[in-house]
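Data first, discussion second: the structure below is written as structure tokens.
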Amino acid sequence: MKNSPLGNSAFVWSIDQPWLPQTESAFAPGSVAICLSESKLVIQAALSDAHVMHDVFPMNFPAFMHCDAFEIFLGPADTKAYYEFHVTPSNSLFQLRFDGEGEAQTMEERLVAEPLFYSETSLTPEGWSVIARIPLDGLFPTTHPEWLLSFGRYDYTPGQPKPVISSTSPHAVCNFHRREEWRRVRLADLSENFGAVPRFMGVK
3 MKNSPLGNSA
13 FVWSIDQPWL
23 PQTESAFAPG
33 SVAICLSESK
43 LVIQAALSDA
53 HVMHDVFPMN
63 FPAFMHCDAF
73 EIFLGPADTK
83 AYYEFHVTPS
93 NSLFQLRFDG
103 EGEAQTMEER
113 LVAEPLFYSE
123 TSLTPEGWSV
133 IARIPLDGLF
143 PTTHPEWLLS
153 FGRYDYTPGQ
163 PKPVISSTSP
173 HAVCNFHRRE
183 EWRRVRLADL
193 SENFGAVPRF
203 MGVK
């Protein structure tokens, strides 16, 4: 990726709007870097934002309906189940689990009450940033060498009725749950790549 604040690693992805012929005029760029450290998926997002909209919400409050949010989608490539995690600029968290069977469930039925990951957020001169550490062995009971990953964003602007939505996945339509368009990643590749990422992520 060119001109990334997170470096030139192969595992630094741009956030974009591929379902549109051209990005919205209010679109602000972002980058996401990933690596693996001690069985934890480590994610850093750098998000440009001229007007960071945030507030402090309780755990599992759907803050993405009200303010900026960074979204993480992940699940083993050999299963249908996956998780959706949200982090706001104030580090309010939201967690959902999908079993992938297509059954009708409400958002409340998919909520996961126990915190499954750790995150830190910061306001920056350019906007805001996120560092998330996700213990993969705590999400599924068995080892999975390949995972599907995607990262999305809700970017609100004061006075505008709708957020600008963007993703790291090449979605043909604006639907973050199209798993066939998520990126397939081998954990072994992330481990080998770890040495290229820490200087951008502050990971030890």
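Residue numbers (my numbering): 3 to 206.
From the three backbone atoms N, C-alpha and C, an ideal C-beta is built for every residue, glycine too.
In terms of residue numbering, what span does the beta strand (DSSP E) encompassing R188 cover?
One-based indexing of the sequence shown puts residue 188 at position 186. From DSSP, the beta strand (DSSP E) with R188 extends over 185-188.
Using the rule of at least 16 other Cβ atoms within 10 Å of the residue's Cβ for burial, across every protein chain shown, is D51 buried or exposed?
Here residue 51 refers to the residue found at position 49 when the sequence shown is read from its first residue. That one is buried.
Which same chain residues, not among the five before or five after H173, have their C-beta less than 7 Å away from its C-beta?
Here residue 173 refers to the residue found at position 171 of the sequence shown. P20, W21, R180, E183.
Note down, in chain order, each residue of its chain lying with its Cβ closer than 6 Å to the Cβ of V34, except the 5 sequence neighbours on either side.
Taking the sequence shown and counting its residues from 1, one reaches residue 34 at position 32. Around V34: W15, A47, F153, T170.
Quick one: using the 10 Å Cβ neighbour count with 16 as the cut-off for buried, is P147 buried or exposed?
Translated into the one-based positions of the sequence shown, residue 147 becomes position 145. Exposed: under 16 other Cβ atoms inside 10 Å.
The alpha helix (DSSP H) that contains E110, what's its start and end?
In the sequence shown, residue 110 corresponds to position 108, counting from 1. 109-112 is the extent of the alpha helix (DSSP H) around E110.
Can you give the beta carbon distance from T159 to A28, rounded, assuming they're within the 8 Å contact cut?
Here residue 159 refers to the residue found at position 157 when the sequence shown is read from its first residue. Here residue 28 refers to the residue found at position 26 when the sequence shown is read from its first residue. Sure, about 6 Å apart at Cβ, within 8 Å.
Output the residue ranges of the beta strand (DSSP E) runs that lie fully inside the region 136-189 and measure 3 residues or longer, sorted by chain position.
DSSP assignment within the region 136-189 yields the following whole beta strand (DSSP E) runs of 3 residues or more, N-terminal first: 148-157, 166-169, 185-188.
Write down every uninterrupted run of the beta strand (DSSP E) in the region 18-104 whose length is 3 residues or greater and which is fully enclosed by it, in chain order.
If only uninterrupted beta strand (DSSP E) runs of at least 3 residues are considered, those enclosed by the region 18-104 are 32-39, 42-50, 71-78, 84-89, 95-100.
With distances taken Cα to Cα, identify the nearest neighbour of P117 among P23, P60, C37.
In the sequence shown, residue 117 corresponds to position 115, counting from 1. The shortest Cα separation from P117 among P23, P60, C37 belongs to P60.
Within the continuous beta strand (DSSP E) that includes L125, where are the two ends?
By one-based count along the sequence shown, residue 125 stands at place 123. According to the DSSP assignment, L125 belongs to the beta strand (DSSP E) that extends over 120-125.
Reference P31; option with closest CA among E40, W130, H56, L151:
Counting from one through the sequence shown, the residue named residue 31 turns up at place 29. Here the closest residue by C-alpha is W130.
For S16, write down the residues that DSSP places opposite it in a beta bridge.
The residue you call residue 16 lines up with position 14 of the sequence shown. DSSP lists S33 as partners of S16.
Bridge partners of S131, per DSSP?
Within the sequence shown, numbered from 1, the residue matching residue 131 stands at position 129. Beta-bridge pairing links S131 to A48, S124.
How many Å lie between I17 and F178 at the Cα?
The count along the sequence shown starts at 1 and reaches residue 17 at position 15. The count along the sequence shown starts at 1 and reaches residue 178 at position 176. A direct Cα-to-Cα measurement between I17 and F178 gives close to 12 Å.
Residue environment, G102, which counts as buried when at least 16 other CB atoms sit within 10 Å:
Taking the first residue of the sequence shown as position 1, residue 102 is located at position 100. In summary, G102 is exposed, with fewer than 16 beta-carbon neighbours lying within 10 Å of its beta-carbon over all protein chains present.
Please look up how many angstroms separate the CB atoms of L151 and F75, rounded, as I've assumed it's under 8 Å.
For this step, residue 151 is matched to residue 149 along the sequence shown. For this step, residue 75 is matched to residue 73 along the sequence shown. In this structure L151 is in contact with F75, their Cβ atoms being roughly 7 Å apart against a cut-off of 8 Å.
Around the C-beta of Q107, are 16 or more other C-beta atoms found within 10 angstroms, so that it is buried, or is it exposed?
Taking the first residue of the sequence shown as 1, we reach residue 107 at position 105. Flag for Q107 reads exposed.
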